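Participant: This note's numbering numbers the first residue of the sequence shown as 2 and each following residue consecutively. Every residue gets a Cβ at the ideal spot worked out from N, C-alpha and C, and that includes glycine. Being a predicted model, the structure only gives us computed values, none of them experimental. Here's a structure for you.
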Amino acid sequence: MDAVDTQRSEGAAGTTVRTTDVPQRYAAPGTLDRVPTQRSGPEGPVGAPRRRTATMLVGFGAVAVLVVAGTVVQQQRADAAEQQHAAQARTAQALTALAGDTAARDDVSTAGSAELAAARAAAVAATTTALTHANGTLAAAPHVGDDLRAPLQSGIVSVSAILGGQTVSIAALRAGASGLAGQDQAVADAEQAWQAADAARVAAEQAAAQAAAQAAAQAAAQQAAQQSTRSTRTVRSSAPAVSAPQAPSAGPMAIPAGGLVCPGAPVGTPGAESSVGAIGAAINDYRASNGLPALSVSRSGTLVGHALDMADAGGIWHSGFDNIVGCISNGSASALVGAWSRSPSHNAQMLRTDVSSMAVGGALDGGWLYGAVKFN
């Protein structure tokens, strides 16, 4: 553009007066180095406005920095407050969870204590019951040997000590009751077996006595019939022949009243003396098994003769010179002593403590052993 319109002044005639063209200076493209202001007069020196512009720009920059700094501080405070709030929330949550865990542990601890107390009470009750039962079993088993009674007695003492302890574990109580129950059962079984054997022995003795009585009656009847036959033949016989006389044959020896028949034993056959030492040794062995000393053994001719008489008759009876007599089918001295031990009266004689010797007589006939013993 060649000219710029400026303020016009009217002339007197009202015509417009145009100023002469004044050359204008334009700023280079870009950022202005000063703030445009209204000029009221001629421009002054160029340096002064530029200094004012720089001062103003610095002021604006400082304000901007302060504003930004304030904004950053506020943001940091807000972030810190938010983080603190979050931390407080997490702390509260953790405390709540911890309180729940503590309460749960307290509940578990209480439940565990109650369960432990119940288990201990049950163990004490079971052990007490086992101890009471064991005492009863021991008192009711007088026939059981010490090999079973002694362990049970020891177990009773041990379990009593366990029950009396203050810090005994449940495991110890249970182990004591279990061990005592096993010993208790062993003694009870042994006593029951003895009772059964004794009942069988009594029944066998009764059956044997009944059979012996029947056999004795039959033998007596047969002997009476034989004697009657011999008497009849003697009466009917004529005078003796001229030939030399023959000695009449002697019949079997009769079993006197009160004697017993040995069922199945031969009758009227000659017997032979047996070893009296075997009978005496068997009696001493039996005494030793009962904790008694051995007795001296001697042969008695009187008792040997009595044993031979019993073998001939097939029965047994007392001669008045003996304490015990007996017969056994298998010829065994130990079996004969075993039979005597099952009879209370015979057993008492063999286990006497007021004697030091025994006189013995024995005989064998058809595999049967007959014995007679006198204790002195």
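Measure the CB-CB distance between S335 and D286 and report whether it falls below 9 Å.
Facilitator: Their beta carbons are under 9 Å apart, which means S335 touches D286 by this criterion.
Participant: By Cβ distance below 7 Å, which residues in the same chain neighbour I325 in space, the five residues on each side in sequence not counted?
Facilitator: Closer than 7 Å at the Cβ level, and outside the excluded window around I325, lie W341, H347, Q350, V374.
Participant: With 16 as the cutoff for other CB atoms within 10 Å, does L117 come out buried or exposed?
Facilitator: It counts as exposed.
Participant: When you compare each of R343, I280, D313 to V262 by their alpha carbons, which one comes out closest?
Facilitator: It is D313.
Participant: Distance cutoff 9 Å, beta carbons only. Does A222 sit that close to anything in chain B?
Facilitator: The structure shown contains no chain B; it holds only a single protein chain.
Participant: Kindly indicate which three-state DSSP category G113 falls into: helix, strand or coil?
Facilitator: In the structure shown, G113 sits in a helix (DSSP, three-state: H, G or I).
Participant: Report the option in L296, G372, L293 whose CA atom is closest to the CA atom of G315.
Facilitator: Among L296, G372, L293, the Cα nearest to that of G315 is on G372.
Participant: Taking 9 Å as the threshold (C-beta atoms), are L139 and V160 in contact?
Facilitator: Going by C-beta atoms, V160 is not nearer than 9 Å to L139.
Participant: Would you grab the beta carbon distance between T128 and L153 for me? Rounded to a whole angstrom, and I think it's under 8 Å.
Facilitator: 15 Å between Cβ atoms; not a contact.
Participant: State the Cα-Cα distance for the pair V169 and R121, rounded to the nearest angstrom.
Facilitator: If I take the Cα positions, the gap works out to 10 Å.
Participant: Could you check if A289 is buried or exposed, using at least 16 other CB atoms within 10 Å of its CB as the buried criterion?
Facilitator: With fewer than 16 Cβ atoms within 10 Å of its Cβ, A289 is classed as exposed.
Participant: Checking 9 Å against the spacing of the C-beta atoms, do W195 and G260 come in under that value?
Facilitator: No, Cβ-Cβ distance for W195 and G260 is not below 9 Å.
Participant: Give the secondary structure of I317 by DSSP, where H, G and I count as helix, E and B as strand, and everything else as coil.
Facilitator: Three-state DSSP puts I317 in a strand.
Participant: Less than 9 Å between the C-beta atoms of V356 and L296, yes or no?
Facilitator: Their beta carbons are under 9 Å apart, which means V356 touches L296 by this criterion.
Participant: If G332 and L370 are in contact, beta carbons under 8 Å, what's the gap, nearest whole angstrom?
Facilitator: Between L370 and G332 the Cβ distance is about 5 Å, and since that is below 8 Å, they are a contact.
Participant: Go ahead and pull the three-state DSSP assignment for S161.
Facilitator: Looking at S161 - three-state DSSP - the assignment turns out to be helix.
Participant: CA-CA distance, A142 and A204?
Facilitator: Near 22 Å, if we compare the C-alpha coordinates of A204 and A142.
Participant: With burial defined as no fewer than 16 other Cβ atoms inside 10 Å of the residue's Cβ, what is the status of A88: buried or exposed?
Facilitator: By the neighbour-count rule (16 or more Cβ atoms within 10 Å), A88 is not buried but exposed.
Participant: According to the neighbour-count rule (16 or more other Cβ atoms, all chains shown, within 10 Å of its Cβ), is R150 buried or exposed?
Facilitator: Buried: at least 16 other Cβ atoms inside 10 Å.
Participant: Report the three-state DSSP secondary structure of S333 (helix, strand or coil).
Facilitator: Residue state, collapsed to three classes: coil.
Participant: Below 9 Å between beta carbons: does that hold for A182 and A135?
Facilitator: A contact, by the Cβ cut-off of 9 Å.
Participant: Using the Cβ count rule (16 or more neighbours within 10 Å means buried), how would you classify Q85?
Facilitator: Q85 is exposed by the Cβ-count criterion.
Participant: Between which two residues does the alpha helix (DSSP H) carrying D286 extend?
Facilitator: Element bounds for D286: 277-290.
Participant: For the beta strand (DSSP E) containing A266, list its first residue and its last residue.
Facilitator: Neither: A266 is in no beta strand (DSSP E) and is coded neither H nor E.
Participant: Helix, strand or coil, according to DSSP, for M359 in the structure here?
Facilitator: Reduced to three states, the DSSP call for M359 is strand.
Participant: State the DSSP-derived secondary structure class of D366, mapped to helix, strand or coil.
Facilitator: Correct three-state label for D366: strand.
Participant: Who pairs with G327 in a beta bridge, going by DSSP?
Facilitator: G372.
Participant: Where does A151 sit, in a helix, a strand or coil, going by DSSP?
Facilitator: Helix at A151.
Participant: Could you say which of F376, I280, G177, G339 lies nearest to A126 if we only look at CA atoms?
Facilitator: The option with the nearest alpha carbon to A126 is G177.
Participant: Taking just the CA atoms, how far does G166 sit from A173?
Facilitator: Cα to Cα, the separation comes out at about 11 Å.
Participant: Would you kindly check if the distance between the Cβ of V298 and the Cβ of G327 is under 9 Å?
Facilitator: Result no, Cβ atoms of G327 and V298 do not sit closer than 9 Å.
Participant: I'd like to confirm the pairing. Which residues does DSSP put opposite E274 in its beta bridges?
Facilitator: DSSP, once it has assigned bridges, lists A364 as partnering E274.
Participant: If I'm right that A208 touches I256 with Cβ under 8 Å, what's the distance once you round it to whole angstroms?
Facilitator: Not a contact, Cβ separation roughly 19 Å.
Participant: Less than 9 Å between the C-beta atoms of G281 and V361, yes or no?
Facilitator: Their beta carbons are under 9 Å apart, which means G281 touches V361 by this criterion.
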